[in-house]
Amino acid sequence: MLRVEDIGVRFGGVHALKGVSLTCPAGQVTGLIGPNGAGKTTLFNIVTGIQRPDAGSVHLDDRDITRDSTEQRARAGLARTFQRLEVFGSLTVRENVQLAAELHRGLRRRGRSPVELADDLLARVGLTAVADHQAGVLPTGSARLLELARALAISPTTLLLDEPGSGLDEAESHQLGDLLRSLAAEGTAVLLVEHDVQLVMRICAHIYVLDFGQLLCEGSPAEVQADVGVQQAYLGAESVAS
Amino acid sequence: MDTFLALTVTGLVTGCLYALTASGLVVTYTTSGIFNFAHGAIGMLAAFSYWELTASQGMPGLPALLLTVLVISPLVGAVIERLLVRRLGTASLEVTLTVTVGLLLLLIGIANTIWDPATPHRVQAFFLGDEVTVAGVVLTAHQLVIVATATAVAISLWAFLHWSRTGVALRAVVDDRELAALTGASPTRVGQLGWALGAGLAGLAGVLLASQVSLDATTMTLLVVNGYAAAVLGRLTNLPLTFVGGLLLGLCQAWAVGYLTLDFISQIQPVIPMLFLFVALVLSPQARLRVAQTAPLRAPSVPGARRTLLATGSFLVVAALAAVAMPLSRMGDATHGMAVALILLSLVPLVGYGGMVSLSQLTFAGIGAVALAKVGGGPEGLLAAIAVPAAVGLLVALPTMRLRGLHLALATLAFGYAMDDAFFSNATVMTDSLGLPVPRPLGLDDPRGYFFLVCGAFAVCAFGVLALRRSTLGRRLVALGDSPAGCSTLGMRVRRTKLGVFAMSAGMAGLGGALLGGQQGAVGSADFGLLLSLTLLLLAVVWGVRTVSGVLIAALLLEAAPLLQDHISGVGSVVPLLVGLGAIGLGKHQNGIVGSVVAATRRRRAVPNLPQPRTEPPIREEVLTSAQS
Amino acid sequence: MTAPVVTAALELRGVNAGYGRVQVLYDINLVLPPRGVVALLGPNGAGKSTLLRVASGRTVPSSGQVLLRGNDVTGRSPERLARVGLCSVPEGRGVFPNLTVSDNLRMWTFRPGVRRKDVEETAYGRFPRLAERRRQLAGRLSGGEQQMLAMSRALTADPDVLLLDEISMGLAPVVVAELFALVRQIADDGTPVLLVEQFARTALEVADEVAVLSQGRIRLHGAPDQVRDGVLATYLHAEGSA
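From first to last, the protein sequence lines stand for chains H, E and X. Residue numbering for the first sequence follows this note's numbering, starting at 1 and increasing by one per position. Residue numbering for the second sequence follows this note's numbering, starting at 1001 and increasing by one per position. Residue numbering for the third sequence follows this note's numbering, starting at 2001 and increasing by one per position.
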């Protein structure tokens, strides 16, 4: 479970995030949506320790991890994928996942071998056919799935996904939704940033809307859809040019 | 007090020269993104041109100076930009570094071919004999000229960058290359201007320096390395800070020479600029994790366990046959070559897999040789030859592991250069002027047996390196080169991984150095010089630092080159010329020659047809935290 | 042929483009008429920015043609295109952050015939706030001020074609409205504008024509009223409420 409290960040004179608090409980998919530049990726970077917040705190499973390094957070059960891909392009697809499994196994030596786990995870995201190809040549959609499989290989309790659906076609995106739901059902806390609103509405139990670095509103998919402010944030205000 | 003033004045004069050369370095680096290791070589070429014009052709000093600094040097810079730099694009650090190092060697080769190093070349100081006394300190007119020129350059550079449209465009290209193009300013032309300007500044420093030192191609080229410290103090981008850094460095050096007269400390005097560089690097603020950085793909070729075993076995059979059949007269060269191959092999995990460029592998090799010499030729000596460099490597790595890319490369260069001056040239270490005697390990005095021992050591290490690549540590290294952010978010202890591989690589280089020393019977400071170190790295990268076969071929060719030279008379320096040209060809084959051949054979195999769109443009470096400034 | 031939301000003809081995745009045909605003909409990752990169010369198409006022300019460098009147404001960063405001304005004078004095007069006259901050670094300005500085290039360079990439990103609705009023004015003064925008509703208000890009292909093209429903549905999965 992930809890973020009152996060604030400034870039130069601009507030990138201001007073953002959200909770992402285990066992469900939580959505985080908002227009480009709203601060979603910045929030992910703060949660994973790549950036430091100017204010606020991050809690993982009720432990304050605000001062922890990125590595420590990963070891505590936090995994993520990236909007701008960070696959290990020189390794094969299988090696990408295998390495993650090995890093995780370094802690506790039991269970299945990393290669077996890698093959299972690749099958789960549907990349078995390209397991032996170099990861750098994958198209975006597949590379995003690879990042997902890689993140799963460290058996996270909380999973942050930054636009996993972009680059996927409709059928693939539907499959991704099913996969995320089943992950949540297994007890993982999933925080999903996604522009495919259809996907978000279908699988999220609770949705936060970020605009201008601040939370605009939160609620069930139906509540968020009905919110006028959300429509404005997403589509722009009515009658600007008149 | 008089001493203090005198030292301060000398320091400021030296500092002005550092500032001049460092600012040229900064101009080229910021406008083209490429750190020019050949900067000093351009200054050297300018100094020789000035000699040619004045001493040889009889031209007066001032027109010769103007011609050299305003025409010849900028032209050299612009041509280099056009022929080499422009083609590099988004090449990896080891490739851009290798190309400029190749250029350095090429320019030294050209200079040595035109101006015979055996005959002395002397350049007269400006206003020779004129002196001025300021506050009791005697200044030569030449020193005044240096200070005046540096001041004028600083002021006019500032004015140019802030008042002229071209200057503004230059800063704009540094800030955002793509946007500059969209406004209609041409980044390529600005890049060329940056190289011309940088080369002009290098030339100016070179000519001003020429009368103060003996004109020798190598010495003059390497003198500029001291200027790196000033550039790093200016974070490689800030000109005013770079100027201050240059002056500070000059002052520190002068005061140290004057006041640190204790025996031990006086020995480290020449090392001061390098200590300065090292400290400046270690303290320099580093960008935190870089995200959205597309690393160039590395050669994927990883031979399996069976193929490795087979290759190692065949190599040992060939080595055994060679040990028996080769004429004794060639044995020495062959053994030497295999020892060099072992040193180059130590680059494979570090540079080839991990993308961490180290310029001090030869230093570790030297430490290995010294360790063997001091401990003795028994097994414990061999062990020391591995363990001592590994430990030193760990010590060097601890403060520098935070650094990435060019900063790490420069830190290792500072270490290597400092060791060159303070350790390998030190009488207490090297005992006598002919060098430190190194025993043959394990008492193998028979040249054939010793050759086989070196081959065996190479085979074991090569097997180990390939096994490493197939192991989890190997995957970690490659992953680290591809995406540090990805590694951290998966929980990898990045520092530990880097430290481990750095120490291991240093140990391997140490063993190679010890075996090399054993072959030669003695080692001296010339065996581990910076220039040789750069040449070795360059050869490895040209032939393929990502593959074991690449470094093996590189080492054997290096050994064969002198033989080749014996057959081509008339050309003074075939090796640097060939090596330089090789590096220049690298722009096209960035995985090295072996890498390209492997890729060509692989291309014939089926490639997956994956038709989906990928949306991100290949952004080279987007430092996330840079948005904060 | 008796019908008058109107030369398009900008035309993409059968353009395929991508990065390395990965294709992003498929057979794009798009005409920017000599007057008016064409808005390019579509989900993240659809290839909108790539299309603008191709149009501005930053990415060379693997096949197909780019025509500027009927002249084939495929493969021309961005600086040459800029000098002949193609003004392109890239996504999120149309200014040089480490240059002062007045140095930024100096950079707007690279189009032949544009004089420094005129640029300053127009920019400071239209945006007095820029005049107050002329000695400040552009990176220290607020988001809205930065975008005004960027737009001042479009105002002063007297371009033949204007390409705008998500100028509304991260800006307050008031500022967005102000920017779009400016875009409308530029268009009404006779400069054709191709606009990539995430706020669908805002874009529909300001545009004369809308093209929708998805998975690298143009799916919809027409007047705002013709495509409105389809567009809003893809953006926010909330038919009827929009």
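All residues carry an ideal CB built from backbone N, CA and C; glycine is no exception. None of these values were measured; they are calculated from a predicted model.
Output, in chain order, the set of chain X residues within a Cβ distance shorter than 7 Å of residue i.
i                      : result
residue 82 of chain H  : In chain order: nothing, as chain X lies at least about 13 Å away.
residue 174 of chain H : Here the premise fails: no neighbours, minimum Cβ distance about 13 Å.
Given this structure, state the Cα-to-Cα distance separating residue i from residue j, to the nearest angstrom.
i                       : j                       : result
residue 1214 of chain E : residue 1539 of chain E : 29 Å
residue 1099 of chain E : residue 213 of chain H  : 45 Å
residue 1616 of chain E : residue 2091 of chain X : Only weak support exists for where residue 1616 of chain E lies, its pLDDT of 37 falling under 50; the coordinates are left without a value.
residue 189 of chain H  : residue 205 of chain H  : 11 Å
residue 1553 of chain E : residue 1495 of chain E : 32 Å
residue 2007 of chain X : residue 1410 of chain E : 56 Å
residue 1338 of chain E : residue 1503 of chain E : 21 Å
residue 2208 of chain X : residue 2039 of chain X : 8 Å
residue 2186 of chain X : residue 2052 of chain X : 19 Å
residue 125 of chain H  : residue 183 of chain H  : 12 Å
residue 1064 of chain E : residue 1092 of chain E : 39 Å
residue 1218 of chain E : residue 1319 of chain E : 37 Å
residue 1438 of chain E : residue 1233 of chain E : 40 Å
residue 1252 of chain E : residue 1272 of chain E : 8 Å
residue 1159 of chain E : residue 1225 of chain E : 27 Å
residue 2049 of chain X : residue 1541 of chain E : 37 Å
residue 1009 of chain E : residue 1415 of chain E : 29 Å
residue 1121 of chain E : residue 1035 of chain E : 30 Å
residue 1317 of chain E : residue 1462 of chain E : 15 Å
residue 1068 of chain E : residue 1126 of chain E : 15 Å
residue 23 of chain H   : residue 58 of chain H   : 10 Å
residue 1624 of chain E : residue 52 of chain H   : Its pLDDT being 31, under 50, residue 1624 of chain E is placed unreliably by the model, and nothing is read from it.
Less than 8 Å between the CB atoms is what I'm expecting for residue i and residue j, so what's the real figure, rounded?
i                       : j                       : result
residue 1458 of chain E : residue 1345 of chain E : 7 Å
residue 1039 of chain E : residue 1202 of chain E : 5 Å
residue 2041 of chain X : residue 2223 of chain X : Actually they are not in contact, since the Cβ atoms of residue 2041 of chain X and residue 2223 of chain X sit about 13 Å apart, beyond 8 Å.
residue 1387 of chain E : residue 1507 of chain E : 7 Å
residue 1367 of chain E : residue 1351 of chain E : The Cβ separation is near 19 Å, so there is no contact.
residue 56 of chain H   : residue 70 of chain H   : With 8 Å as the limit, residue 56 of chain H and residue 70 of chain H do not qualify as a contact, their Cβ atoms being about 17 Å apart.
For residue i, go through chain E and note every residue whose CB falls closer than 7 Å to its CB, in chain order.
i                       : result
residue 48 of chain H   : 1489
residue 2088 of chain X : 1182
For a contact meaning CB atoms closer than 8 Å, what does residue i contact in chain X?
i                       : result
residue 1680 of chain E : Absent from the model: residue 1680 of chain E. The displayed extent of chain E is 1001 to 1629, so no value can be given.
residue 1178 of chain E : 2058, 2078, 2090
residue 1125 of chain E : Within chain X, no residue comes near residue 1125 of chain E; the closest Cβ sits about 41 Å away, beyond 8 Å.
residue 36 of chain H   : 2044, 2166, 2169, 2170, 2198
For residue i, go through chain E and note every residue whose CB falls closer than 9 Å to its CB, in chain order.
i                       : result
residue 2082 of chain X : 1181, 1182, 1183, 1184, 1185
At 9 Å on the CB atoms, spell out the chain X contacts of residue i, in chain order.
i                       : result
residue 1165 of chain E : 2106, 2107, 2109, 2110, 2116
Under 8 Å Cβ-Cβ, which residues of chain E neighbour residue i?
i                      : result
residue 154 of chain H : 1490, 1491
For residue i, go through chain H and note every residue whose CB falls closer than 9 Å to its CB, in chain order.
i                       : result
residue 2172 of chain X : 212
Do residue i and the ligand SAM come close, with the Cβ less than 7 Å from some heavy atom?
i                       : result
residue 1553 of chain E : As far as ligands go, the structure on display features none, and thus does not contain the ligand SAM.
Using a Cβ-Cβ cut-off of less than 8 Å, give me the residues of the stretch 158-170 of chain H that come near chain X, in sequence order. 163, 166, 167, 169
Between the stretch 141-150 of chain H and the stretch 80-88 of chain H, can you find at least three pairs of beta-carbon atoms closer than 8 Å? yes
Got a sec: which bits of the stretch 189-206 of chain H sit with their beta carbon under 9 Å from any beta carbon on chain E, in order along the chain? none
Decide yes or no for the touch test of the stretch 2166-2184 of chain X against the stretch 193-209 of chain H: beta carbon pairs closer than 8 Å, at least 3 of them. no
Determine contact between the stretch 1377-1394 of chain E and the stretch 1520-1532 of chain E, defined as no fewer than three beta-carbon pairs at a distance below 8 Å. no
Below 8 Å, how does it come out for the stretch 1477-1489 of chain E and the stretch 1310-1325 of chain E: are there three or more Cβ pairs, yes or no? no
Should the stretch 217-235 of chain H be called in touch with the stretch 1232-1239 of chain E, which here means at least 3 C-beta pairs below 8 Å? no
Can you pull out the residues from the stretch 2187-2205 of chain X whose beta carbon lies closer than 9 Å to at least one beta carbon of chain H? 2197, 2198, 2199, 2200, 2201, 2202, 2203, 2204, 2205
Across the stretch 135-147 of chain H and the stretch 55-62 of chain H, are there enough close Cβ pairs to call them in contact, namely three or more that are closer than 8 Å? no
Between the stretch 2030-2037 of chain X and the stretch 2077-2091 of chain X, do at least 3 Cβ pairs fall closer than 8 Å? Contact between the stretch 2030-2037 of chain X and the stretch 2077-2091 of chain X is not established, with fewer than three Cβ pairs separated by less than 8 Å.
Please list, in chain order, the residues of the stretch 1456-1482 of chain E that have any C-beta partner in chain H closer than 8 Å. From the stretch 1456-1482 of chain E, only 1472, 1475, 1476, 1478, 1479, 1481, 1482 have a Cβ closer than 8 Å to chain H.
Please confirm if the stretch 1020-1027 of chain E is in contact with the stretch 1178-1192 of chain E, defined as three or more CB-CB distances below 8 Å between the two stretches. no
Per the contact definition of three or more C-beta pairs closer than 8 Å, is the stretch 2059-2066 of chain X in contact with the stretch 1151-1165 of chain E? no
Can you confirm whether the stretch 1040-1052 of chain E touches the stretch 1172-1179 of chain E when touching is taken to mean that 3 or more C-beta pairs between the two stretches lie within less than 8 Å? no
Taking any Cβ of chain E, which residues in the stretch 2150-2172 of chain X have a Cβ under 8 Å from it, in chain order? Residues of the stretch 2150-2172 of chain X that bring their beta carbon within less than 8 Å of a beta carbon in chain E comprise 2153, in sequence order.
Three or more beta-carbon pairs under 8 Å between the stretch 2120-2132 of chain X and the stretch 2152-2163 of chain X, yes or no? yes
Given a limit of 8 Å on CB to CB distance, which residues of the stretch 44-77 of chain H reach chain X? none
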